[in-house]
Amino acid sequence: MSQVAESAETDGSTGAGSAGSGLHLRNLRKEFAAFTAVHDLDLDVPSGSFFALLGPSGCGKTTTLRMVAGLETPTSGSIALGERDITWEKPYRRPVNTVFQNYALFPHLDIYENVAFGLRRRKRKDVEREVDAMLELVELTSQARKKPAQLSGGQQQRVALARAIINRPEVLLLDEPLGALDLKLRRSMQIEIKRIQTEVGLTFVHVTHDQEEAMTMADTVAVMNAGHIEQMGAPAELYENPQTTFVANFLGQSNLIEGTVRGRDGEDVKVDMQGTVVTIPGQRAHVAGNAGDLGWVGIRPEKVLIAEEGQVIDAPGNSIPGGVVTDVSFVGVSTQYLVRMPWGQELTVFEQNTGRRRLFAKGERVDVSWRPEYAFLLDHTQDRAAGRDEDAD
Amino acid sequence: MSPGMSPLQRMGRWIGQHLVLAGGILVLIYMFVPIFVVVLMSFNDPKSRLVYRFDGFTLQNWLNPCADAAMCSAVSRSIQIGLLATLIATVLGTMMAFALVRHRFHGRSVANLAIFLPMASPEIVLGSSLLALFVAAGFAGQLGFWTILIAHIMFCLSFVVITVRARLAGLDNNLEQAAMDLYANERQTFLRVTFPLVFPGILGAALLAFSLSFDDFIITNLNAGNTTTFPMYVWGVAQRGVPMQVNVVGTVMFVISVAIVVGVELNRRRQEKALAR
Ligand SMILES: Nc1ncnc2c1ncn2[C@@H]1O[C@H](COP(=O)(O)OP(=O)(O)OP(=O)(O)O)[C@@H](O)[C@H]1O
Ligand SMILES: [Mg+2]
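Taken in sequence, the protein lines are chains A and B. Using numbering that gives the first Met the number 0, read the first sequence as starting at 0 and increasing by one per residue. Using numbering that gives the first Met the number 0, read the second sequence as starting at 0 and increasing by one per residue.
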């Protein structure tokens with residue numbers, strides 16, 4: 000876990016330095032009786048950014064958000080907005096608003112009054128103009144006098160969003176607001192929320208367990224697992240260079256192959272992977288790197304090239320012979336192969352349907368290879384299956 | 000219809016098709032006949048002491064509702080006791096319901112069960128034990144308005160607690176947290192969100208409490224001393240012949256309850272219509 004703390008610290012310094020505000024969690028911890036839902040969390044969300052908190056169900060995402068909103072008391076640690084410590088502030092005194100997991104719209108108030116609620120409590124002038132403008136933004140002007148129960152799921156979701164955004168909070172917390180929607184509506188709401196965030200320029204903390212949603216929407220993604228932050232960074236960085244097996248499996252798919260470290264070659268780490276020596280760039284090797292250590296060599300399925308036995312593949316790098324195709328599924332834009340390697344493991348390979356290469360059939364003997372700069376090396380003490388999608392197995 | 004059917008067959012068929020409707024109408028008649036009789040009798044002009052026969056139409060009963068002053072004072076006493084008992088039982092019961100639903104305290108599950116006891120015990124048992132209590136406490140000479148009131152509050156309380164508690168338990172407490180998140184302090188959250196959402200339950204509980212109190216005979220009779228409530232008055236005069244004005248009171252009560260039901264329904268429709276715009 001040392002790398003995690005490291006990355007959190009570096010991020011923290013940049014976050015605090017660039018804006019001087021933003022949301023900062025320090026050693027935030029929450030225990031429920033004997034169960035620790037959130038473990039000493041360190042998190043910095045730069046002001047104006049779209050931050051995604053991604054993790055499987057029950058990993059403590061909602062609990063974290065509730066502590067930021069003031070609806071749950073932390074066991075220890077602190078929460079600050081810029082310089083201001085709000086750890087013990089009442090929820091109604093925090094410039095933070097929440098879009099709840101189940102919306103929590105007031106059933107006895109109409110849409111207009113739901114949206115106006117926060118402004119009225121703060122005795123703001125111009126409520127009417129602001130509410131009208133907000134309903135316009137979320138395209139609900141014609142529904143203003145309906146009760147929440149009379150709206151569709153997507154409309155309710157937009158009301159929940161409008162009701163929170165209208166207050167221009169320093170931080171907007173979104174707790175899986177799209178969880179209840181069907182795929183198509185989900186996609187359009189993702190674009191909508193992103194558009195609104197760009198338009199109003201607020202800091203969004205978006206909780207989700209959908210990795211695609213997190214990667215498409217957020218500037219920064221923090222992957223959370225069992226109350227810890229596993230890794231944090233830009234979506235591409237997390238995807239291309241995962242630091243733990245959990246991140247490698249939870250964010251997309253990975254082939255993790257057991258190997259033994261041979262030693263360092265300048266920046267690179269040489270690993271004996273089941274008889275083939277492969278090279279992994281130093282900044283992608285997340286192990287101590289002593290000769291003789293075991294490790295997981297990771298490679299994304301779409302980075303693996305597949306070719307006829309003995310054929311030279313264009314990737315000048317780690318080439319491993321002796322594979323047999325055991326499964327072919329044609330998806331349209333791509334083809335997914337399962338290739339059984341000589342040491343018995345099945346690797347997943349995605350190949351784009353460019354038409355330039357032929358399809359391989361089940362039972363064919365093939366070689367696989369990948370460019371060294373795409374592989375990564377992970378700590379062998381971590382569970383190879385951590386974070387893997389159950390139904391993908 | 001097919002031409003070869005006899006009128007009898009046709010009638011049989013019609014009845015078969017409309018059996019449910021006919022049944023429904025019969026049940027409604029069954030339910031409303033007593034009320035209809037009360038309304039009718041309130042216009043009765045009895046020629047003899049046989050007060051249960053309709054002899055002629057008159058407005059006298061309505062123009063002189065207090066011909067028997069004892070009846071009017073009994074009615075007014077019943078209303079006073081009903082309103083006071085309703086007010087106190089509703090306030091107390093609502094607070095108890097909040098405590099039972101919202102707070103974790105020692106003996107909470109016991110309290111939740113104990114609340115049912117007064118509802119489950121026979122009235123005659125409750126009434127006589129209350130009487131024993133009052134007498135033992137030295138209030139034998141003071142039985143009357145206040146002892147009736149105490150008794151009524153006691154048995155209304157359970158009904159209020161149970162009605163309000165059901166409403167409160169069904170309330171999503173995310174809503175209160177959402178209000179707090181949207182800058183409402185504790186008081187505003189209660190006034191703007193919690194109370195309006197629980198209010199229908201409280202209103203229902205209050206109506207129930209009033210009708211229970213106004214109606215009660217057994218417990219009241221045991222703890223009333225020389226005081227007379229409306230049900231006790233009617234019971235007392237029933238042997239000699241009930242004055243027609245009792246029917247006037249009955250009709251008025253009926254009209255008020257119909258008005259409440261219709262009012263609630265109209266209000267609901269009005270809101271729905273406003274929403275449909
Ligand atoms: N009030 C509570 N008392 C006891 N345990 C709790 C409480 N609230 C949450 N937990 C536990 O804390 C853990 C984290 O819960 P949390 O609601 O934060 O998960 P989550 O990441 O939001 O999951 P999901 O994606 O399913 O919403 C869970 O294991 C849950 O059982
Ligand atoms: Mg959650």
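By construction, the Cβ of each residue, glycine as well, lies at the ideal position given by its N, Cα and C atoms. Small disclaimer: the values here were computed from a predicted structure and weren't measured.
Is the shortest distance between the beta-carbon of residue i and the beta-carbons of chain B less than 8 Å?
i	result
A103 of chain A	yes
F99 of chain A	yes
R121 of chain A	yes
Y91 of chain A	yes
L70 of chain A	yes
H107 of chain A	yes
F116 of chain A	yes
R162 of chain A	yes
N96 of chain A	yes
Between the Cα of residue i and the Cα atoms of the options, which residue gives the shortest distance?
i	options	result
N224 of chain A	A:N240, A:A247, A:D218	A:A247
N96 of chain A	A:H285, A:F116, A:E82	A:F116
T259 of chain A	A:G251, A:L250, A:F249, A:V270	A:V270
F138 of chain B	B:G224, B:L27, B:Q176	B:G224
R263 of chain A	A:A290, A:F245, A:I85	A:A290
L99 of chain B	B:R166, B:V36, B:L58, B:M40	B:R166
S46 of chain A	A:E82, A:R185, A:R28, A:M66	A:E82
R299 of chain A	A:V324, A:Q273, A:Y238, A:T334	A:Y238
A143 of chain A	A:N113, A:R28, A:R65, A:M340	A:N113
L53 of chain A	A:P147, A:G178, A:S151	A:G178
C155 of chain B	B:L211, B:R268, B:G15, B:M40	B:L211
A84 of chain B	B:L25, B:I152, B:P64, B:A110	B:I152
S72 of chain B	B:V233, B:G15, B:R267, B:L202	B:V233
V126 of chain A	A:L255, A:N166, A:R186	A:N166
Q154 of chain A	A:L172, A:L180, A:P168	A:L180
I279 of chain A	A:E229, A:R355, A:N317, A:I228	A:N317
W145 of chain B	B:T219, B:A183, B:R186	B:T219
Any beta-carbon of chain A closer than 8 Å to the one on residue i?
i	result
L181 of chain B	yes
V263 of chain B	no
D171 of chain B	yes
P117 of chain B	no
N111 of chain B	no
A98 of chain B	no
L167 of chain B	no
N266 of chain B	no
A237 of chain B	no
L148 of chain B	no
A177 of chain B	yes
L283 of chain B	The first residue shown for chain B is 0 and the last is 276, placing residue 283 of chain B beyond what the model contains.
M0 of chain B	Low per-residue confidence applies at M0 of chain B: pLDDT is 48, beneath 50, and the placement is therefore not dependable, though the value from the model is reported in the following sentence. So no, M0 of chain B is outside the interface.
Under a Cβ-count criterion, where at least 16 other Cβ atoms within 10 Å of its own Cβ denotes burial, should residue i be classed as buried or exposed?
i	result
E8 of chain A	Because the pLDDT of E8 of chain A is 36, which lies under 50, any placement of that residue in the model is unreliable, and the question is left without a value.
M0 of chain A	Note that M0 of chain A scores a pLDDT of 37, beneath 50, so its modelled location is shaky and nothing firm can be said.
R302 of chain A	A small correction: the amino acid at residue 302 of chain A is Lys; Arg does not occupy that position in the sequence shown. Buried, by the Cβ-count rule.
G19 of chain A	In this predicted model, G19 of chain A has a pLDDT of only 46, less than 50, meaning its place in the structure is not dependable enough to derive any value.
W13 of chain B	exposed
I259 of chain B	exposed
W369 of chain A	buried
S77 of chain B	buried
R194 of chain A	exposed
D54 of chain B	exposed
Q301 of chain B	This structure gives no information on residue 301 of chain B, because the portion of chain B shown stretches from 0 to 276.
M0 of chain B	Since pLDDT at M0 of chain B reaches only 48, below the 50 mark, its modelled position is unreliable, and no value is offered.
C65 of chain B	exposed
G22 of chain B	exposed
L293 of chain A	exposed
R355 of chain A	exposed
G21 of chain A	buried
L265 of chain B	exposed
Quick check on residue i - is its C-beta less than 8 Å from some C-beta in chain C?
i	result
Q189 of chain A	The chain labelled as chain C is not found among the protein chains of the depicted structure, namely A and B.
Selection of the stretch 184-216 of chain B by Cβ proximity to chain A, strictly under 7 Å: Answer set for the stretch 184-216 of chain B: N184, Q187, V192, P195, L196.
Short-range partners of chain A found in the stretch 60-82 of chain B, where Cβ spacing is below 9 Å: Residues passing the 9 Å Cβ filter: none.
Around ligand 2, Cβ to any heavy atom closer than 7 Å, ordered along the chain: This criterion selects A:K60, A:T61, A:Q100, A:D174, A:E175, A:V206.
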